[in-house]
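Listed in order, the protein sequences are those of chains A and B. Position one of the first sequence corresponds to residue -4 (my numbering), numbered consecutively onward. Position one of the second sequence corresponds to residue 636 (my numbering), numbered consecutively onward. Think of the CB as a built atom: it goes at the ideal place given N, C-alpha and C, for glycine as much as any other residue. Predicted, not measured: the structure shown is a model, and the values here were computed from it.
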Amino acid sequence: MIQQLVELSNRLKKGQEGKKTTHDALTKVPVGIDCVIDQKGNFKRFIVHERQNTLAERIAAKKGKARLLVDKAEEMLEFVDEAKVVAKAAKQKKKPENALEDARAQSKFKHELFRNKLDNYRHLKQLSGVFSFYESNRMDGIEKARKAFAKEVDEKQRIGNITFLDSSEAKRLHEQDSIYDAIIASYETSMTNLKNKRFDRCSVCGSTSHPVGDKPHGMIKGVPGQPRRDRAFVSYNKSAFESYGMTGNENSSICTHCAKAYVDGLNWLLAPSSWVPSERKGKPRPVFKNRKDISNDRSNDTAVVFWLRKAVETSILDILDNPTEDNVRAMFDSVFEGRRTATKIEPDTFYAITLSGTAARIAVRDWIETSLENLRANLVRWFQDIEIARYDPDQSKLMKHYSRFKSLVWNVKGKSDNDVQHGRIGAVLWKCAVTGHSPPLWLLHAVLNRIRAEQSSKPEEGKKRSRWEIKLPDRIALLKLYLNRKTNQQERSQFMPELDKSNQNTAYTCGRIFAVFESIQYHASGGNLNAGIRERFFSFASTMPATAFGRLCKLAQHHLSKIRGENVGLAVNLDKKLQELMSRVEGTRFPAVFSLEDQASFAIGYYHQRQKDFTTKQSNKEE
Amino acid sequence: MNNNTVRIKVWGEFACFTRPDLKVERMTYPCMTPSAARGVLDSILWKPEFTWHVHRILVLKPVKFYSVKRNEIKKKQGKTPIVVEEDRAQRNSIVLKDVAYIIEAAVHQATSPVKNPTKKYVEMFNRRVGKGQCWRRPYLGTREFAAEFSLPDENDKQIPEDIPIGSMFLDMWYDDKGVPMPKFFYNNFAGLTGVWVRQGVLECAKEYEQILTSNHPRGHIAEYPRQLIHEFNLTEETSEEDMR
C-alpha cells in the first residue's frame, strides 16, 4: 500500500524532480500576514492578505519545534492575545491571572525555540535585518511590532503564519535562494547523521540513498473522524508497539524520502479538488475527486480514497452517488461494447484505501487493488444486483430504481442513528461494489431487523406513504444483493428486479400471498384502514408462516365474503389469484419457521407483488 | 524434489502477518510471510546445527480480510504486573480469515558433518509432523492465532490467483553480536514490480538466501540446565539411531 502511495506521489511531482520545490526539506506552507521591516530592522507595518502558499522549511511534526522565518505570532513576536486568554479562562472557570501567566510562559518558550532556530543561520548576510529586528534594534523592532499586532491585525486573522517582507524590495525575506540552500544543507547534514548501519535499506523502495530513522513522517490532514485534527499514518507512540530494540519510526523501516512521498500522496488524495458555494449559508462545500465519505454525514468517520495507477483521477465512481436509468444503461453499454469489440480501454490498476480516524491515528480498514477492467465489470454487477422495480406514481408505471450508495448505507440501520456502525456498513458495501464480494450475514440480519421493527409505521400528515414504504425499495435492494450474491454459490435461481411469476421459491410465494391478503383487506375495508395486516402481522408472517398464515387465511375469507357482497367480479379475481399462489406452496403446507434467507425472500416477494398491484390498479383505473 | 526439502500443511481460523509499518492498527499482508513460515517450522523442529531455508509458500484458500477491534495494553509486559484499567488501549486489527498454506522448505547446513547429516533432520521433521509433535504450538503470525498442522494431502491444490503484495517483510537477520536487522524483499518474479503470489505460489527461495547467513544467538544458560539439555540431546540421538 505504501509503495503505491509513493508511486502516486512521484507521478504527481513528475517534471519537477531535482528542483527545490520538491526537495524533502521544503514544502508549501500557507501564510496570511506579512511583517514589513527595513534593512536596519525597523518595523514598518503589517499587511494582512488572503491565504497564500509559500515555499518554506518542512517541519514534519510541529509540536515543540519552530520553522525558520515563517511561523505564528507566538513564535515570532512573543505575542499573547490577552483578551482571548481571559475569555477562555472565564469559560473554563479558571483564574484569569493564572491563565495569563501560563499563556505568557508558553509564548516565551515558543519564541525561544524560534530564536534558537534562527541562530543557526546567523552567517547569512541576507538576514541581517531580521537579526537587528530581534537584537540590536529591539525597541523599534520586535517590541513595536508586538504592540502593533493587536491593533493592525483583526482577531480572526491572528492565527495565520507570519512572514518577513522587505520594505524596499517588496519581496519576502525567506524566499531567497541562499536561504533555501542553507535549509537544504542543514537538512542533508541531519540526514547523514541519521544514517544507521542497522537499517540500511528502506522497506518500500529498497534503496540506501535515504536514511531510515526515528523521525516523524508527517501528518495527514483532512482525515475523517472526531476530533478534527491532523493525524499520523505510521507512528509508534507507546513502547508496547516497538520491538527488537527499535525505537519509534525505525520499526517501520521506511526512509525519509518515501515517508514524505506517501504523506504528500495521502494528503493530496484526502484534500478537496475544488470548492463550490453552499446552497444554504456561509462556508463553501468541498468537492472531492479521489475521495468518498461513506458513513453518516454528521459524524462521518470513514472515507475511501481511490486512484488509478496511470490515469490517477477517475470519475467512474461518481455513478455510485447518482445512478439514473440513463447513465447506468450507458455504463452497461460501454462495458459490454468494450468486451465485444477488440478496442479495449487502456489497462490500468485501481487502488482504494478505506480509512477512518481514531483518536490518535488513522486506522486502515481495507486495501483494495484490482484492474480497471475488473472494476468496471464489478460495477456492472453491482447495479445489476441492486436493480429493483419501483412504482412511480407520477409516471404511473414501474421504473427501474438504482439506489444511491449513501441511501443504502443509511437504510441498513436507520438514518437518525448517529451510529459509528455506519462506517463499518459503508466499508462493507463499498467492498461489495468494487470487488464483487458478497455481503456478510450480519448485514442481512440488520436489514431484516429494521424492516420488522418499523412495520407499524403510519403515513405522516398529508403524505400518502409511510416512512416504511419509502425506505422499502432500498432495503429490498440490499436483500436482493445479498441473496443473489449468495446463490451464486448454491445454484438457486436469482431474484429478478420485478415480479417473477416463474419463481417457485416457497418463501417468495408466501410473500406474494401476504401481499394479496393485504390487497383483499384493503378492498374489503373500502380504503379506511387504521392498522392493516401489514402493520400488525408482517413480522409474524415472515418468521412463523405456518401459524400466521392459518389466521390470515381465515381473515381473508371473511374479507372476501364481504367483497362478494359488493363487487362479485373483484372477489372472483382476487380469489383466483389467491388459489393459484396457494397451490404453489409445496403440498399446501406452510413451513413452521423461515430462516433468515427465507425471510428475505418473503420480503422481496411481498414487495414485488405490491409494486405489480399498483400498476394493474392504475391501469384498471384508466381503462 | 530435493532430498532436503520438506512439505507441511498449516491451517487455521485466523491469521495476522503484520506489516511492520502498520503495526499499531494492525494490518496484515495478504499472504504468509517467509518469517512466519520459518516460525512454524522452528516450533516443530529446531536445532542449532541447521537453519530452515523457506522455498515457497502455497496459498490454498482465497484471501479474506476480517477486521476486529480489541482491547490491548499500552505497556510492554515485564516483571511488574500491569493494571489494565490504566493501560488499556483499543486497537483495530485487520486479520485474515480461514487460511491454509503449504510450506515448502529445505534444511540448510553450512557444513555437513558426518555425525549430523541433513537427511536425519528431514526425517525427524517428517516423523514429528506425522505424530503431531511440536515444542510449542505453531501460530500464524501472532500467538493468539494458533495453527493446525499436518502432512499435505494430494488433494490440496493452490488457488489459481495472482495476488499483488508490494514490498514484503522477509525475516530478521542477526549479526555476530545478536543485533537484529529487518530484511525486506521487493521483487520475486521477473517482469513484475513488487512481490506477487503468482497462481497461488509465493516464491522466496532466492531472496531467502541472505537470511541463511544470520547468526543464531544462543542465550546464556546456567551450567546445570545446559548439561541436562546436552544429555537429553544425546539420548534422543542414540535412540533414533537404535530405531533405524
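Residue span of the beta strand (DSSP E) that contains PHE819 of chain B, given as start and end: Looking up residue 819 of chain B in the second sequence gives position 184. 815 to 820 is the span of the beta strand (DSSP E), which, as asked, contains PHE819 of chain B.
Can you find a CB in chain B that lies within less than 7 Å of the CB of LYS305 of chain A? On the first sequence, residue 305 of chain A is found 310 positions in, with the first residue counted as 1. Judged by the 7 Å Cβ criterion, LYS305 of chain A is not in contact with chain B.
May I have the straight-line CA-CA distance separating TYR843 of chain B from MET816 of chain B, to the nearest angstrom? Stepping through the second sequence from its first residue, residue 843 of chain B is reached at position 208. Stepping through the second sequence from its first residue, residue 816 of chain B is reached at position 181. Spanning the two alpha carbons is a distance of roughly 14 Å.
Would you tell me roughly how many angstroms separate the C-alpha atoms of ALA78 of chain A and ALA85 of chain A, rounded to the nearest one? The residue given as residue 78 of chain A occupies position 83 in the first sequence. The residue given as residue 85 of chain A occupies position 90 in the first sequence. The straight-line gap from Cα to Cα measures roughly 11 Å.
I'd like the list of long-range same chain contacts for HIS396 of chain A, defined as Cβ closer than 6 Å, with 5 residues on each side in sequence excluded. As a working note, residue 396 of chain A is residue 401 in the first sequence. Hits under 6 Å: ILE383, ARG385 and PRO468.
Of the residues B:GLN725, B:SER849 and B:ILE794, the one placed nearest VAL698 of chain B, counting alpha carbons only: Taking the second sequence and counting its residues from 1, the one referred to as residue 698 of chain B is at position 63. Looking at the Cα atoms, B:ILE794 is the closest of the given residues.
Since GLY829 of chain B meets chain A, which of its residues come closer than 8 Å, beta carbon to beta carbon? On the second sequence, position 194 is the one that residue 829 of chain B refers to. Result: GLN(-2).
Determine the DSSP secondary structure at ASP799 of chain B, reduced to helix, strand or coil. Numbered from its first residue, the second sequence carries residue 799 of chain B at position 164. Strictly speaking, residue 799 of chain B in this sequence is Pro, with Asp absent from that position. Residue state, collapsed to three classes: strand.
Using only alpha-carbon positions, find the residue among B:ASP811, B:ASN868 and B:GLY801 that is nearest to VAL199 of chain A. Your numbering for residue 199 of chain A matches position 204 in the first sequence. The shortest Cα separation from VAL199 of chain A among B:ASP811, B:ASN868 and B:GLY801 belongs to B:GLY801.
With ILE679 of chain B and VAL734 of chain B assumed to form a contact (beta carbons below 8 Å), what rounded beta-carbon distance in angstroms separates them? Numbered from 1 along the second sequence, position 44 holds the residue referred to as residue 679 of chain B. Numbered from 1 along the second sequence, position 99 holds the residue referred to as residue 734 of chain B. Taking a contact as a CB-CB distance under 8 Å, the pair ILE679 of chain B and VAL734 of chain B does not count as one, their CB atoms being some 18 Å apart.
Is ASN706 of chain B helix, strand or coil when you go by DSSP? If you number the second sequence from 1, residue 706 of chain B lands on position 71. ASN706 of chain B carries a strand assignment under DSSP once its states are collapsed to helix, strand and coil.
Is the beta carbon of GLY421 of chain A closer than 7 Å to that of THR297 of chain A? Looking up residue 297 of chain A in the first sequence gives position 302. Looking up residue 421 of chain A in the first sequence gives position 426. Yes. Within cutoff.
Starting from PRO785 of chain B, follow the beta strand (DSSP E) in both directions and report where the run begins and ends. The residue labelled residue 785 of chain B in the question sits at position 150 within the second sequence. Just to set this straight, residue 785 of chain B is Ser in the shown sequence, not Pro. Secondary structure note for SER785 of chain B: its beta strand (DSSP E) is the uninterrupted segment 783 to 785.
Limits of the unbroken alpha helix (DSSP H) element including CYS197 of chain A: Along the first sequence, one-based indexing puts residue 197 of chain A at 202. Careful: CYS197 of chain A lies outside any alpha helix (DSSP H) and carries neither H nor E.
Contacting residues, own chain, Cβ-Cβ under 7 Å from HIS252 of chain A (five flanking each side not counted): For the purposes of this step, residue 252 of chain A is identified with residue 257 of the first sequence, where counting begins at 1. Its chain contains ASP19 and HIS205 as the residues whose beta carbon lies nearer than 7 Å to that of HIS252 of chain A, once the 5 sequence neighbours on both sides are disregarded; these appear in chain order.
Among the residues of its own chain, which have a CB less than 7 Å from the CB of SER849 of chain B, if the five just before and after it don't count? Position 214 of the second sequence, counting from 1, holds the residue named residue 849 of chain B. Answer for SER849 of chain B: TRP808 and TYR809, listed in chain order.
If the criterion is Cβ atoms closer than 7 Å, does the pair LEU805 of chain B and PHE819 of chain B meet it? Position 170 of the second sequence, counted from the start, is the residue given in the question as residue 805 of chain B. Position 184 of the second sequence, counted from the start, is the residue given in the question as residue 819 of chain B. For the 7 Å CB-CB criterion, LEU805 of chain B and PHE819 of chain B form a contact.
Compare the C-alpha of THR158 of chain A against each of A:TYR346, A:VAL588 and A:LEU72 and name the closest. Here residue 158 of chain A refers to the residue found at position 163 of the first sequence. Looking at the Cα atoms, A:LEU72 is the closest of the given residues.
Let me confirm a value: LYS750 of chain B is counted as buried when at least 16 other C-beta atoms fall within 10 Å, else exposed. Which label applies? Residue mapping note: residue 750 of chain B aligns to position 115 of the second sequence, counting from 1. Exposed, because fewer than 16 other Cβ atoms sit within 10 Å of the Cβ of LYS750 of chain B.
Within-7 Å CB hit, SER728 of chain B to chain A: Stepping through the second sequence from its first residue, residue 728 of chain B is reached at position 93. No, SER728 of chain B lies away from the interface with chain A (no Cβ there is under 7 Å from its Cβ).
How many angstroms separate the CA atom of ASP172 of chain A from the CA atom of VAL65 of chain A? Position 177 of the first sequence, counting from 1, holds the residue named residue 172 of chain A. Position 70 of the first sequence, counting from 1, holds the residue named residue 65 of chain A. Going by C-alpha positions, ASP172 of chain A is about 16 Å away from VAL65 of chain A.
Which of the three DSSP states is assigned to TRP808 of chain B in this structure? Here residue 808 of chain B refers to the residue found at position 173 of the second sequence. Shown here, TRP808 of chain B sits in a strand according to DSSP, grouped into three states.
Taking the C-alpha atoms as reference points, what is the distance between LYS607 of chain A and SER702 of chain B? Looking up residue 607 of chain A in the first sequence gives position 612. Looking up residue 702 of chain B in the second sequence gives position 67. Distance between the alpha carbons of LYS607 of chain A and SER702 of chain B is about 41 Å.
Since SER785 of chain B meets chain A, which of its residues come closer than 8 Å, beta carbon to beta carbon? On the second sequence, position 150 is the one that residue 785 of chain B refers to. None at all; the shortest Cβ gap to chain A is about 27 Å.
Helix, strand or coil at TRP270 of chain A according to DSSP, with G and I counted as helix: Locating residue 270 of chain A in the first sequence gives position 275, where the first residue counts as 1. When DSSP states are grouped into helix, strand and coil, TRP270 of chain A belongs to the strand group.
Using C-beta distances below 7 Å, list every residue in its chain close to GLU70 of chain A, excluding the 5 sequence neighbours before and after it, in chain order. Taking the first residue of the first sequence as 1, we reach residue 70 of chain A at position 75. If the five residues before and after GLU70 of chain A are omitted, its C-beta is found closer than 7 Å to the C-beta atoms of ALA61, LYS105, HIS106, LEU108 and PHE109, all from its own chain and listed in chain order.
DSSP on ALA56 of chain A, reduced to helix/strand/coil? Within the first sequence, numbered from 1, the residue matching residue 56 of chain A stands at position 61. The three-state secondary structure of ALA56 of chain A, taken from DSSP, is coil.
Integer Cβ distance of ASP811 of chain B from GLN834 of chain B, believed to fall under 8 Å: For the purposes of this step, residue 811 of chain B is taken as the residue at position 176 of the second sequence. For the purposes of this step, residue 834 of chain B is taken as the residue at position 199 of the second sequence. For ASP811 of chain B against GLN834 of chain B, the beta-carbon gap comes to about 40 Å, at or over 8 Å, which does not count as contact.
Are the beta-carbon atoms of ILE215 of chain A and ARG223 of chain A separated by less than 7 Å? Your numbering for residue 215 of chain A matches position 220 in the first sequence. Your numbering for residue 223 of chain A matches position 228 in the first sequence. Not closer than 7 Å, so no.
Contacts of TYR231 of chain A in chain B (Cβ-Cβ under 9 Å): Indexing the first sequence from 1 puts residue 231 of chain A at position 236. Using a Cβ-Cβ cut-off of 9 Å, TYR231 of chain A is close to LYS658 and VAL659 of chain B, given in chain order.
At 3 residues or longer, and completely inside the region 221 to 274 of chain A: list those beta strand (DSSP E) runs for me, N to C. For secondary structure counted as the beta strand (DSSP E) over 3 or more consecutive residues, the region 221 to 274 of chain A holds these complete runs in sequence order: 269 to 271.
Is TRP425 of chain A helix, strand or coil when you go by DSSP? To locate residue 425 of chain A, count along the first sequence from 1; it is residue 430. DSSP, reduced to helix, strand and coil, places TRP425 of chain A within a helical segment of the structure shown.
TRP687 of chain B lies in the beta strand (DSSP E); which residues open and close that run? Numbered from its first residue, the second sequence carries residue 687 of chain B at position 52. That run of the beta strand (DSSP E) goes 686 to 694.
Alpha-carbon to alpha-carbon, TRP270 of chain A and GLY217 of chain A: Working through the first sequence from its first residue, we reach residue 217 of chain A at position 222. Working through the first sequence from its first residue, we reach residue 270 of chain A at position 275. For the pair GLY217 of chain A and TRP270 of chain A, the Cα-to-Cα distance works out to about 14 Å.
By DSSP, does THR158 of chain A sit in helix, in strand, or in coil? By 1-based counting over the first sequence, the position of residue 158 of chain A is 163. Strand at THR158 of chain A.
Cβ-based burial, ALA337 of chain A [other Cβ within 10 Å; buried from 16]: Here the question's residue 337 of chain A lines up with position 342 in the first sequence. Because ALA337 of chain A sits at a pLDDT of 48, beneath the cut-off of 50, its placement in the model cannot be relied upon, and the following sentence gives the value as read from the coordinates. Taking all protein chains in view, the Cβ of ALA337 of chain A is surrounded by fewer than 16 other Cβ atoms within 10 Å, so the residue is classified as exposed.
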